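Comments concern the structure below.
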Amino acid sequence: MKTLTALLFTALLAFTAQAAPEPEDDGPVIYRSTDAQGRPVFSDQPSRDAERVNVKEPNRTPAVRPRPRPEPKTSTPDNDSSGYEVQITNPSEGQFVRNGLLGINVSANVHPPMLPKHQLEFLHNGNSVSKGSSYTARIERLTPGGHQISARVLDRDGNVLGQSAPVSVTAQWPGGK
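Counting with mature numbering (1 follows the signal peptide of the UniProt record, and there is no 0), you get residues -19 to -1, 1 to 158 for the letters of the sequence shown.
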């Protein structure tokens, strides 16, 4: 009888083990329990009163492919207008302007000579001072300190066809200001 009881008990255990649903193994196994202060604690090691938490697959978003950058706008000058060489002739590099309150005259050479449809623009510290067909301009009232002066040839659309190297000057005001 003992053998029959043991056999039935073993069969019952085997049946129960097969009938019990296995937790789904979708991802990592996490256990939730509470600490002495009642706060939830999560761990990958089960404690005495821990319950298993099924961690779902995280949401995934495919990577966004960046659009290719548009090609920079390049000028397509007329065949007789390409290759302007621009050079500031006044002031000279490193020139000292004793009275910046009076301003300064600037001039440039352009080779070959500009076509009538092109303009020469003078820049003071990167800001436009004058734009037109004249090879000279005036910068009024230079503040004390360093300044950058340059010139460039533009077509009707504002494309740069030639540009000078910047010329650095230093201005002072009367009275040492």
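Every residue, glycine too, gets a C-beta built ideally from N, C-alpha and C.
None of these values were measured; they are calculated from a predicted model.
- [ ] Compare the Cα-Cα distances from Trp154 to each of Thr15, Asn71, Ser115, Gly126 and report the closest residue.
- [x] Gly126
Task: Option nearest Met95 by Cα separation, candidates Leu142, Lys37, Thr42 - done: Leu142
TODO: Identify, in the order they occur along the chain, each residue of the same chain with its Cβ nearer than 8 angstroms to the Cβ of residue 178, setting aside the five sequence neighbours on each side.
DONE: For the chain, the structure presents residues -19 to 158; residue 178 sits outside this window and is missing.
TODO: Return helix, strand or coil for Gln(-2), following the three-state DSSP convention.
DONE: Bear in mind that the predicted position of Gln(-2) carries a pLDDT of just 49, short of 50, making it too unreliable to give a figure here.
TODO: Would you mind giving the Cβ-Cβ distance between Phe103 and Val87, rounded to the nearest angstrom? I have them listed as a contact below 8 angstroms.
DONE: Cβ atoms of Phe103 and Val87 come within 8 angstroms of each other, at about 6 angstroms.
TODO: Classify Pro27 as helix, strand or coil using the three-state DSSP reduction.
DONE: coil
Open item on the list: Between the alpha carbons of Ser24 and Pro39, how many angstroms are there, rounded?
Closed with: 18 angstroms
Task: Pro155 - DSSP class collapsed to helix/strand/coil - done: helix
Task: Which residues DSSP lists as bridging Arg133, in chain order - done: Partner(s): Glu102, Gln144.
- [ ] Consult DSSP for Gly81 and reduce its assignment to one of helix, strand or coil.
- [x] helix
Task: Residue closest to Gly107, alpha-carbon to alpha-carbon, out of Ser149, Asn35, Ala44 - done: Ser149
- [ ] Reducing DSSP to helix, strand and coil, say where Val40 ends up.
- [x] Here residue 40 is Asn; the residue named in the question, Val, does not match the sequence. Of the three classes helix, strand and coil, the one that applies to Asn40 here is coil, per DSSP.
Open item on the list: If you measure between the beta carbons of Asp16 and Val22, is that distance less than 8 angstroms?
Closed with: yes
Open item on the list: What does the alpha-carbon distance come out to for the pair Tyr65 and His105?
Closed with: 20 angstroms
Task: Selected residue, minimal CA-CA separation from Thr151, among Ser109, Glu32, Arg13, Gly81 - done: Gly81
Task: Below-8 angstroms beta-carbon distance, Val110 vs any chain C residue - done: Absent here is chain C; the protein component of the structure consists of one chain.
Open item on the list: Given this structure, state the Cα-to-Cα distance separating Gln18 from Val36, to the nearest angstrom.
Closed with: The straight-line gap separating the alpha-carbon atoms of Gln18 and Val36 is approximately 25 angstroms.
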